[in-house]
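Data block below; observations after.
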Amino acid sequence: MESAEKVLIIIPTYNERENLPLLVREVLATVPADVLVVDDNSPDGTGEVADRLASSEPRVHVLHRRKKEGLGKAYAAGFTWGLERGCDLLFEMDCDFSHQPKYLPDFLEKIKDADVVLGSRNVPGGGVENWSFLRKLVSKGGSIYARTILGLEIKDLTGGFKCFRRRVLETIDYDRLIIGGYGFQIEMTYRAVKLGFKVVETPIIFPDRMKGASKMTRKIFLEALVNIWKLRFAKVEPKALPPPG
């Protein structure tokens, strides 16, 4: 990472008031970056917690959305916010501590020679903690399924701990993706590869969330697996440039 590069950690939230202050504190203590909390009008008051954090720390920012519309749209809103403010490296990061801040320096090191860095549970040195056998089977099976259909070598296609260079997000038309929910992660990686960007994986240990409830449901997972076929036959083109003038 060049010293002048501006780093933004995007953290989407919905009912994460317990985890958010702890995570933000640890992120800011680990890397020189700003944090953008994208809150989907959490009924538990997460948005208000985020506002208090931002009022006392200039590196914390908050984007309030009117309702819960899915992970993909939350990240898309965060990407747009960051690009408009000149950010060079933009991270996706969950608020539940399954994405551990201690790995952020590894991402910043690897992005020096890449366009996208993906935190991977399925490469040597990576893994999960406190998962049942069934959950491990479903996760790895889903990734192998998607990888096979899409013809990719990425080992952890469903992973959501990522760092993008701004040129990737300026090229992918992320407002018009085919797959919503957690399938958004698969599609972003697929499109980055198909558009010629260099995607590398870095090992992470992925523990179960510390507090609160998981947002993943069987319906979301199955919809993503079905919609991968739509993605397989979709035309992947760069975002159209605006007309001159």
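Quick note on numbering: the sequence shown equals residues 24 to 268 in the working numbering. Heads up, the beta-carbon is just placed ideally off N, CA and C, and yes, glycines get one too.
Nearest candidate by alpha-carbon position, reference residue i, set the options
{"i": "V85", "options": "L31, T53 and D129", "result": "L31"}
{"i": "K262", "options": "S155, R88 and R199", "result": "R199"}
{"i": "L230", "options": "G164, R158 and F207", "result": "Checking the sequence shown, residue 230 turns out to be Pro, not Leu. Taking only the C-alpha atoms, the option nearest P230 is R158."}
{"i": "D138", "options": "E193, L173 and V151", "result": "E193"}
{"i": "K29", "options": "R40, L59, Y98 and T36", "result": "L59"}
{"i": "G174", "options": "I251, L94, N42 and N38", "result": "I251"}
{"i": "V222", "options": "R82, I202 and V191", "result": "V191"}
{"i": "Y98", "options": "P35, D136, K185 and V47", "result": "P35"}
Unbroken beta strand (DSSP E) run spanning residue i, endpoints
{"i": "E152", "result": "G150 to E152"}
{"i": "D62", "result": "D57 to D62"}
{"i": "F187", "result": "K185 to R188"}
{"i": "G142", "result": "V139 to S143"}
{"i": "I227", "result": "Note, I227: premise wrong, no beta strand (DSSP E); not H, not E."}
{"i": "L160", "result": "L160 -> not in any beta strand (DSSP E); alpha helix (DSSP H) instead, spanning F156 to L173."}
Buried/exposed call for residue i, threshold 16 Cβ in 10 Å
{"i": "N153", "result": "exposed"}
{"i": "L76", "result": "buried"}
{"i": "S143", "result": "buried"}
{"i": "S155", "result": "exposed"}
{"i": "P266", "result": "With a pLDDT of 49 at P266, under the threshold of 50, the predicted position of this residue should be treated as unreliable, and no value is reported."}
{"i": "G268", "result": "Bear in mind that the predicted position of G268 carries a pLDDT of just 47, short of 50, making it unreliable; the figure below should be weighed with that in mind. G268 is exposed by the Cβ-count criterion."}
{"i": "D117", "result": "buried"}
{"i": "L131", "result": "buried"}
Inter-residue CB distance, residue i and residue j (contact presumed, cutoff 8 angstroms)
{"i": "L113", "j": "I33", "result": "6 angstroms"}
{"i": "V50", "j": "P124", "result": "5 angstroms"}
{"i": "D129", "j": "T53", "result": "Actually they do not touch by this definition, with Cβ atoms about 11 angstroms apart."}
Residue i, enclosing alpha helix (DSSP H) - first and last residue
{"i": "F114", "result": "It is not in any alpha helix (DSSP H) - F114 instead sits in the beta strand (DSSP E) that spans L112 to E115."}
{"i": "L94", "result": "L94 to E107"}
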